[in-house]
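If you want the numbering used here, it's the 1-based position in the sequence shown plus 299.
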Amino acid sequence: MKKNLANCFTLLNLVFGFLAVIYILKGFSSETQSEIFPRGEVYWASVFICIAAVVDFLDGLIARICKAASELGKQLDSFADLVSFGVAPGLIVFQFLKISFAKNHPEMPVNIWYLLPAVLLPCAGAFRLARFNLSTTKTLNFQGLPIPAAGILIASFPVIFISATTSFTETIMTNYLFWCIVILLISYLMVSTLPMLSMKFKSISWNGNWHQLLLVFAAIIFAIFFHWLAVPLLFIVYILLSLIVLKKEKTLL
300 MKKNLANCFT LLNLVFGFLA VIYILKGFSS ETQSEIFPRG EVYWASVFIC IAAVVDFLDG
360 LIARICKAAS ELGKQLDSFA DLVSFGVAPG LIVFQFLKIS FAKNHPEMPV NIWYLLPAVL
420 LPCAGAFRLA RFNLSTTKTL NFQGLPIPAA GILIASFPVI FISATTSFTE TIMTNYLFWC
480 IVILLISYLM VSTLPMLSMK FKSISWNGNW HQLLLVFAAI IFAIFFHWLA VPLLFIVYIL
540 LSLIVLKKEK TLL
């Protein structure tokens, strides 16, 4: 039973990722909605992606506690992650690109070539996961941006858009160039070999976990003051902290 518990959580991750895909497709199912943002459906899609991230964290934790890590679990986890944090977020970006096209070219039918950059996200995520599965090097930190972090970042954008109180936010998030930059940046970070901090706690002491605790503290503060905007802010802090801390550690070595 213990051996299968972690795999059950992994499949639950996949379930929430699949639900996110359904809600995204459901929200944008009508051609007449090209310029209309289906707030309810996409909000829940974002929530499901975030729940999938929590479940993804728990399945790894359970596997370690129960000493039930297996090759099957590793492969299953990657397949689930690709759906929840690659395909579902890619569809969110696809729909934002469609909205930006409809806004800038209201008299024209949607051009599929205009929307293709969204494909880069699941492709980069798949490459990142495949490389991780084939890696034989055991390290405490990540090589490249973890796909769940990329998925959570993308999932935050629809909710930020929905709760926007200024026209500036709406203008930015319906801008084609903005999304192209986001796609290229996240895709590059995933396929890169840049060292990224792991959120696994090595012990219960401050000395071995200060950067994880700092990120947790920053997440709480950002969430209180900025709500969903906390996600992209925390993402920036995470990237900068990873580059600074791990570069310093490498220099000391």
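Where a beta carbon is used, it is the ideal one built from N, C-alpha and C, also for glycine.
None of these values were measured; they are calculated from a predicted model.
{"Check": "Residue nearest to V409 in terms of C-alpha spacing, selected from A417, A368 and I398", "Outcome": "I398"}
{"Check": "Which of helix, strand or coil DSSP assigns to P494", "Outcome": "strand"}
{"Check": "Selection from I459, A344 and P421 that minimises the alpha carbon distance to S377", "Outcome": "P421"}
{"Check": "Segment contact, 8 Å Cβ cut-off, at least three pairs: the region 507-523 with the region 475-485", "Outcome": "no"}
{"Check": "T473 versus C349: straight-line alpha-carbon distance, rounded", "Outcome": "23 Å"}
{"Check": "With 16 other Cβ atoms within 10 Å as the buried cut-off, status of L551", "Outcome": "Its pLDDT being 41, under 50, L551 is placed unreliably in this model, and the value from its coordinates should be taken loosely. Exposed, since its Cβ has fewer than 16 Cβ neighbours within 10 Å."}
{"Check": "Whether G389 touches A351 by CB criterion (8 Å)", "Outcome": "no"}
{"Check": "CA nearest to the CA of C307, picked from G326, L371, A319 and L396", "Outcome": "L371"}
{"Check": "Same chain, Cβ closer than 7 Å to K424, five either side skipped, listed in chain order", "Outcome": "It is Gly, not Lys, that sits at residue 424 in the sequence shown. Correct list, in chain order: L381, F384, G385, I446, A449 and M489."}
{"Check": "Environment of G339 [buried if 16+ CB atoms lie within 10 Å]", "Outcome": "exposed"}
{"Check": "Any chain D beta carbon closer than 8 Å to R363", "Outcome": "Absence of chain D from the displayed structure is noted, only one protein chain being present."}
{"Check": "Paired residues, beta bridge with Q374 - DSSP", "Outcome": "According to DSSP, which records beta bridges pairwise, Q374 is partnered with nothing at all."}
{"Check": "Between the CA atoms of L414 and P494 - distance to the nearest angstrom", "Outcome": "31 Å"}
{"Check": "Nearest residue (CA-CA) to W527, options S345, L324 and T309", "Outcome": "S345"}
{"Check": "Beta-bridge partners of F400, as assigned by DSSP", "Outcome": "Bridge partners of F400: none, in fact."}
{"Check": "Residue from H510, S491 and T492 whose Cα sits closest to the Cα of M498", "Outcome": "H510"}
{"Check": "Short Cβ contact (8 Å threshold) for L452 with I485", "Outcome": "yes"}
{"Check": "Pick from T470, A305 and F400 that is closest to D355, judged by C-alpha positions", "Outcome": "A305"}
{"Check": "Nonlocal neighbours in the same chain, by C-beta distance under 7 Å from F393, ignoring five residues either side", "Outcome": "L414 and A417"}
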